[in-house]
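Student:
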Amino acid sequence: MTTTARRLCPGTRLDSAFDWPFEPIDNLDSSFHVQEYLQQLIRQDHTNVDTLVEIPESVDRQVWQYEHLRQVCIELNQLVVALETECTKENCPEMKADGWLYLCAAHSSTQSCPAIDYIIHTLDGATILLNNSKYFPSRISIPEPSLKHFQSIARRLYRIFAHAYFHHRETYDLFENETCLYARFLLLSKSFNLVPRELISIPDGTEVDEDQDDHEDDDEDGDDQQGARGQDSDSADDDDNQSQVTAVEA
């Protein structure tokens, strides 16, 4: 079996970067072969989210989720760059999305902080946790006790998408049209039960009518809904380096 050297050499032009032939995952001889295969699929067709989320036969189910979450964190940094000019401390002094205010615990005490700071804290915390060798010592298997972090990370990443959608819609649409990252993340979350359905606030194409009906019901319920939603707190079992976040009704 022959393999292609997959290296970016000095002087490589951007339009020629990653211009390698597609390799089956079993042909990738690397400790990071799952990550390389996933990124290869994304470069081949980022719009085909069904293929991107489908688990390859030779890949462990938990490792596939892990690599997807890592990749989402990497690509969300592009959204942060796109938001920087408009999601300022003056325009978005608090992290809000669809009527929720999110408090950030990346401070000495849990407090509200500007949306752009909250987003950066969330991405930093998720990245630190996913690269923590205490919880994820290997890229080929995931310890059972560490699986609990997947849902916590996914819930927090979802809030970034939600804030962009509800408060920076034009930037969100441009980013999503170019990357299809939210569509991929949503399918991943549904396929592996990472984000509870009741926390999904961005309508997708198949649920617009249903979501509109739900919002109409919420409007009719009025104050009762505020009392029922209460607080949404992340697990206190997360790694100390992972910023804990509490969501309260604004």
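No gaps in the numbering here: position 65 of the sequence shown is 64 in numbering that gives the first Met the number 0, and each next residue is one more.
By construction, the Cβ of each residue, glycine as well, lies at the ideal position given by its N, Cα and C atoms.
1. Quick one: is ARG196 buried, meaning 16 or more other Cβ sit within 10 Å of its Cβ, or exposed?
2. By DSSP, does LYS88 sit in helix, in strand, or in coil?
3. Can you tell me whether DSSP reads LEU193 as helix, strand or coil?
4. When the Cβ atoms of the segment 70-82 are set against those of the segment 112-131, are three or more pairs found closer than 8 Å?
5. Exposed or buried, which one is GLN70 when buried takes at least 16 other CB atoms within 10 Å?
6. Quick one: what's got a C-beta closer than 7 Å to CYS86's C-beta in the same chain, skipping five residues either side?
7. What's the C-alpha gap between PRO55 and TRP63?
8. Are the beta-carbon atoms belonging to CYS72 and LEU146 less than 9 Å from one another?
9. Do ALA161 and SER188 come within 9 Å of each other at the CB atom, strictly closer than that value?
10. Can GLU74 and GLN34 be called in contact, C-beta distance under 9 Å?
11. If you run the structure through DSSP and keep just helix, strand and coil, what is CYS179?
12. If we cut at 9 Å on Cβ distances, does GLU66 have a partner in chain D?
13. Report the option in PRO9, ARG158 and THR178 whose CA atom is closest to the CA atom of ARG40.
14. Among the candidates GLU89, TYR134, SER140 and LYS88, whose CA atom is the shortest distance from the CA of GLU148?
15. Just the C-alpha distance for TYR164 and ASP172, rounded to the nearest angstrom, thanks.
16. Buried or exposed for ASP237, please, with buried defined as at least 16 other CB atoms from any protein chain shown within 10 angstroms of its CB.
17. By the 10 Å Cβ neighbour count, where 16 or more other Cβ atoms means buried, how is SER151 classified, buried or exposed?
18. How close, in whole Å, do the beta carbons of ALA125 and LEU156 come, if the pair is a contact with beta carbons under 8 Å?
19. Output the distance between the C-alpha atoms of TYR36 and THR170, rounded to the nearest integer angstrom.
20. Going by DSSP, what residues sit across from ALA96 in a beta bridge?
21. With the cut-off set at 9 Å, would you say LEU185 and ASP49 are in Cβ contact?
22. Would you mind stating whether VAL52 and ARG183 have Cβ atoms separated by less than 9 Å?
Tutor: Reading off the structure:
1. Exposed: under 16 other Cβ atoms inside 10 Å.
2. In the three-state reduction of the DSSP assignment, LYS88 falls in the coil class.
3. DSSP places LEU193 in coil when its eight states are reduced to three.
4. Yes, the segment 70-82 is in contact with the segment 112-131.
5. By the neighbour-count criterion, in which 16 or more other beta carbons inside 10 Å mark a residue as buried, GLN70 falls on the buried side.
6. Its chain contains ALA114, ILE115 and HIS167 as the residues whose beta carbon lies nearer than 7 Å to that of CYS86, once the 5 sequence neighbours on both sides are disregarded; these appear in chain order.
7. C-alpha separation (whole angstroms): 8 Å.
8. For the 9 Å CB-CB criterion, CYS72 and LEU146 do not form a contact.
9. No, Cβ-Cβ distance for SER188 and ALA161 is not below 9 Å.
10. No, they are not a contact pair.
11. DSSP places CYS179 outside both helix and strand once states are collapsed to three, so it counts as coil.
12. Considering every chain present, this structure includes no chain D. It has just one protein chain.
13. Arg is not the amino acid found at residue 40; the sequence shown has Leu there. Ranking the options by Cα distance to LEU40, first place goes to THR178.
14. It should be noted that the sequence gives His, not Glu, for residue 148. Checked all of GLU89, TYR134, SER140 and LYS88; the closest Cα to HIS148 is TYR134.
15. Going from the Cα of TYR164 to the Cα of ASP172 covers about 8 Å.
16. Because ASP237 sits at a pLDDT of 41, beneath the cut-off of 50, its placement in the model cannot be relied upon, and the following sentence gives the value as read from the coordinates. Using a 10 angstroms sphere on the CB of ASP237, the tally of other CB atoms reaches 16 or more, which defines it as buried.
17. With 16 or more Cβ atoms within 10 Å of its Cβ, SER151 is classed as buried.
18. With 8 Å as the limit, ALA125 and LEU156 qualify as a contact, their Cβ atoms being about 6 Å apart.
19. Approximately 29 Å, taken between the alpha carbons.
20. Looking at the DSSP assignment, ALA96 forms a beta bridge with TRP99.
21. Going by beta carbons, LEU185 and ASP49 fall outside the 9 Å limit.
22. Contact flag set, yes.
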